[in-house]
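To keep things clear, I will list the structure first and then write my remarks on it.
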Amino acid sequence: MPKPVEVSELLNRVGKKIFIEYYFDFKQLRDTYTSNADVVNRINESFTLKSKNSRTAKAKRIFMEGLEIEALRIIVNSSHPSVDSVREQAKDILAKETRHTEEKIYV
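Residue 238 is where the sequence shown starts when you use the numbering used here, and the numbers rise one by one after that.
Here's what the structure looks like:
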């Protein structure tokens, strides 16, 4: 079993902006039979293949450990300038995901 790691550490390795821009692609890794390679191929950033693989694996871990809501909250509350362009998108995703989680609890 992998050692426990802070969500903020994983998020920093993925990149906050990348986590939001590819949130639903990364989420598919947990919720469907999507492979890491499929998601890596969707990343349209000028990263090396090794970097894309690493970021995808770290993002998958966030979802597999159920830390995505905490990650979204970290991003929404971040003062880092790179987050400015995706903050509203992060807020929207957080609102939808927390509403969806609450619906599951009450069903």
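Glycine included, every Cβ here is placed at the ideal spot set by N, Cα and C. Here the structure is a predicted model, which is why all the values come from computation and not from measurement.
Quiz item: Around the C-beta of K423, are 16 or more other C-beta atoms found within 10 angstroms, so that it is buried, or is it exposed?
Solution: As displayed, the chain neither begins before 238 nor continues past 344, which places residue 423 out of reach and without an answer.
**Message:** Please report the straight-line C-alpha distance between E307 and Y259, rounded to a whole angstrom.
**Reply:** Taking the sequence shown and counting its residues from 1, one reaches residue 307 at position 70. Taking the sequence shown and counting its residues from 1, one reaches residue 259 at position 22. When rounded, the distance between both Cα atoms is 16 Å.
TODO: Kindly indicate the opening and closing residues of the alpha helix (DSSP H) around V313.
DONE: Mapped onto the sequence shown, residue 313 falls at position 76. Note, V313: alpha helix (DSSP H), E305 to V313.
Among the residues of its own chain, which have a CB less than 8 Å from the CB of V277, if the five just before and after it don't count?
-> As a working note, residue 277 is residue 40 in the sequence shown. Answer for V277: L286, K289, N290 and T293, listed in chain order.
Rounded to the nearest angstrom, what separates I280 and R310 at their Cα positions? Here the question's residue 280 lines up with position 43 in the sequence shown. Here the question's residue 310 lines up with position 73 in the sequence shown. Their Cα atoms are separated by approximately 23 Å.
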